[in-house]
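The block underneath contains the structure these notes are about, expressed in structure tokens.
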Amino acid sequence: MLNPAKKHENNHGKLVALLASDDKYLSCAYEIEKAFSIDENFTAEKNLVTELLDLMALLPSSEKIKIWLETLDEINKKGEEYRWDDHAKTRSGGNPMGGKLEIYPIPAFILQPSNFHSSDQAVGLKALFLYHLIHRNEDHQLDTCATHLRRAISPKSRWIRLIKAFPKLSTFDDYHEKLKGFLNHPKVTSALDQDRELHNALKRISETPSLIGSVKLTPKPELKPLPLLSLQPKIKNNTTPLPDGNNGSIWSVFTRDFIDNEHLNEPNQQNLVYFFSDQDSEEQGTADFQSLDIEVEQSLAESRYWLSRVEKLVPNDYGRFTKVERLSLVKFIKEKIASHSKHESMAAGLIGLMYLTGFNLDDLWQVKLGKEGGFQENGFYRRPIKLPQNSFKPDADQQQYFQPVANQLLLPLPEPIASWLSELSIDKFLNFEAVFELKLDEAKSLIYSALNDLRKQTRLDRIRPERLPTALALEATLKFRNPLITYLIASRETQAPPMLSYYAVHSVQELVECYKQVVSSLLEPEC
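In this text, residue positions in the sequence shown follow my numbering: the first is 2, and each later residue adds one.
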């Protein structure tokens with residue numbers, strides 16, 4: 002076993018480097034670095050420490066928080082002695098971690114600037130997240146949670162108007178209860194159902210166990226916010242008051258043409274945006290939202306997104322796994338799926354399914370198994386085909402002139418996933434939860450732990466659970482440059498068909514062959 006001095010010399014990041022090997026805060030500094038994944042390549046140590054000191058002043062008192070606060074204060078003093086500097090902000094939403102958002106997801110969230118109108122709400126989410134991190138930091142598995150929260154609060158977020166309606170942090174215990182109540186509101190739940198990952202992230206930090214003590218914040222003078230809707234919809238019977246005494250209402254409106262400029266290569270899963278408007282905005286004019294053809298607007302917006310995806314994606318895109326990353330991931334799956342350890346084999350199989358089907362773990366847990374389900378014991382994967390809305394449908398007289406239209410694809414999963422499924426005897430079960438006798442959170446814990454081990458072994462820090470489901474769609478897009486093929490073999494349930502689906506036709510055999518080619522590229526990459 003290494004002695005502390007040797008460990009301090011060879012295995013630390015930028016924060017520990019500021020302390021002496023016999024410093025009484027050294028142990029806690031290591032703990033902080035582990036929680037935030039800080040290493041010797043981390044470049045925003047002053048930014049992070051300064052922000053953490055501000056946030057921790059808002060947290061309730063506890064022994065753990067007191068130790069962290071003293072340690073960070075000592076690190077800050079040492080940093081000032083060495084004249085450390087803030088790391089420059091970047092064009093990635095003004096985040097100092099720009100370019101390394103996926104490598105350091107938790108610091109990236111803590112350092113993410115928010116929209117002016119939702120800054121207080123963003124501080125509340127960061128404080129609650131930090132409390133959760135501090136008290137469960139040994140194996141917190143909050144990287145994915147931090148990524149989704151960062152995107153939600155960023156200045157260009159598609160969720161910014163809903164985030165503005167979140168409760169503000171005044172007293173910590175009170176904020177925790179208000180946030181839980183807000184997230185259970187029917188309109189908020191309906192909105193967040195469009196992005197299950199964000200919903201799960203918010204639920205996770207809102208389910209923080211008993212919060213002791215509270216700190217009253219010094220009230221800040223309130224600036225009257227600008228109305229976020231300049232026009233008052235005529236549809237008044239669809240408005241629902243916000244919980245917890247917030248003034249205003251939420252209207253559900255379909256987005257017309259939204260693309261997240263910060264994350265062009267990640268699937269846009271949101272169909273609905275919920276707009277918050279204060280009372281003052283009700284006096285400003287009217288707009289007839291009933292004149293919108295909502296279904297057509299939704300289809301057009303998402304189709305343009307798919308077309309933009311096809312046009313802009315390049316082989317060296319940051320969102321795509323490199324050849325080395327794909328080879329390492331595939332080797333890991335093949336080795337671990339054959340393991341005698343039930344948990345290792347289970348984690349590898351689920352990782353393989355996420356990688357080769359485009360499902361995230363939440364999606365997989367919803368899929369039914371068996372002959373009529375999504376995954377069959379013979380290694381086939383059933384994928385339903387969702388036809389475009391209001392498309393042409395021949396009547397009975399015209400039907401004889403048309404070939405039948407398929408409503409599903411049966412896609413062959415490759416080895417070793419096919420054999421792994423057959424060994425599970427899935428026809429006896431309803432879903433993966435019953436097969437493995439695991440809750441969703443337990444399955445996530447297994448996968449996070451397995452991928453964390455892989456990252457440590459390979460030092461390939463981009464192999465993370467949130468990136469796995471996007472691999473199939475990225476590869477299909479690059480291989481065929483056809484948004485309809487990408488949609489049919491790799492889309493998610495919340496995504497509508499592209500406009501091309503109204504005109505183009507692909508046979509089932511052609512699509513099965515396309516899927517085989519894409520999967521082959523994922524398993525045996527050439528570039």
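All C-beta atoms, glycine included, are put in the ideal place defined by N, C-alpha and C.
Since we're looking at a predicted model, the values are computed, not measured.
- [ ] Return helix, strand or coil for residue 151, following the three-state DSSP convention.
- [x] helix
Task: Within the segment 305-386, ranges of the alpha helix (DSSP H) (whole runs, at least 4 residues) - done: 324-338, 343-358, 362-367
Open item on the list: Would residue 153 and residue 98 qualify as a contact pair, given that the criterion is a beta-carbon distance under 8 Å?
Closed with: no
Task: Proximity test, residue 327 beta-carbon vs the ligand FAD heavy atom, cut-off 7 Å - done: The model depicted lacks the ligand FAD and carries no ligand whatsoever.
- [ ] Could you tell me whether the segment 98-118 touches the segment 39-54, where touching means 3 or more Cβ pairs closer than 8 Å?
- [x] Taking a cut-off of 8 Å for Cβ pairs, the segment 98-118 and the segment 39-54 touch, as three or more such pairs fall below it.
Task: the segment 454-464 in contact with the segment 149-169 per 3-pair CB rule at 8 Å - done: no
Open item on the list: Helix, strand or coil, according to DSSP, for residue 484 in the structure here?
Closed with: helix
Open item on the list: Any beta carbon from chain B within less than 8 Å of residue 330's own beta carbon?
Closed with: Among the chains in the structure shown there is no chain B, since it carries only a single protein chain.
TODO: Put residue 16 into one of helix, strand or coil per three-state DSSP.
DONE: Coil at residue 16, not helix or strand.
- [ ] Determine the contact status of residue 369 and residue 453, defining contact as a CB-CB distance below 8 Å.
- [x] no
Open item on the list: According to DSSP, is residue 410 part of a helix, a strand, or is it coil?
Closed with: strand
TODO: Could you tell me the distance, in whole angstroms, from the CA atom of residue 72 to the CA atom of residue 84?
DONE: 18 Å
Open item on the list: Could you tell me the alpha carbon to alpha carbon distance between residue 367 and residue 88, rounded to whole angstroms?
Closed with: Cα to Cα, residue 367 sits roughly 43 Å from residue 88.
- [ ] Check whether the Cβ atoms of residue 149 and residue 109 sit closer than 8 Å, and answer yes or no.
- [x] The Cβ atoms of residue 149 and residue 109 lie no closer than 8 Å to each other.
Open item on the list: Does residue 47 come out as helix, strand or coil in the three-state DSSP assignment?
Closed with: helix
Open item on the list: Buried or exposed for residue 58, going by 16 or more other Cβ atoms inside 10 Å?
Closed with: exposed
Task: Neighbourhood of residue 207 by C-beta, 8 Å cutoff - its chain only, sequence neighbours within 5 removed - done: 129, 177, 180, 181, 184
Task: residue 388 burial status per 10 Å Cβ neighbour count (16 or more: buried) - done: exposed
Task: Where the alpha helix (DSSP H) containing residue 415 begins and where it ends - done: First-last for residue 415: undefined, no H or E at that position.
Task: Contact the segment 501-516 vs the segment 483-490: 3+ CB pairs below 8 Å - done: yes
Task: Whole-angstrom distance between residue 449 and residue 428, CA atom to CA atom - done: 27 Å
TODO: With a 10 Å radius around its C-beta and 16 neighbouring C-beta atoms as the bar for buried, classify residue 341 as buried or exposed.
DONE: Of the residues assessed, residue 341 falls on the exposed side of the cut-off, its CB having fewer than 16 other CB atoms within 10 angstroms.
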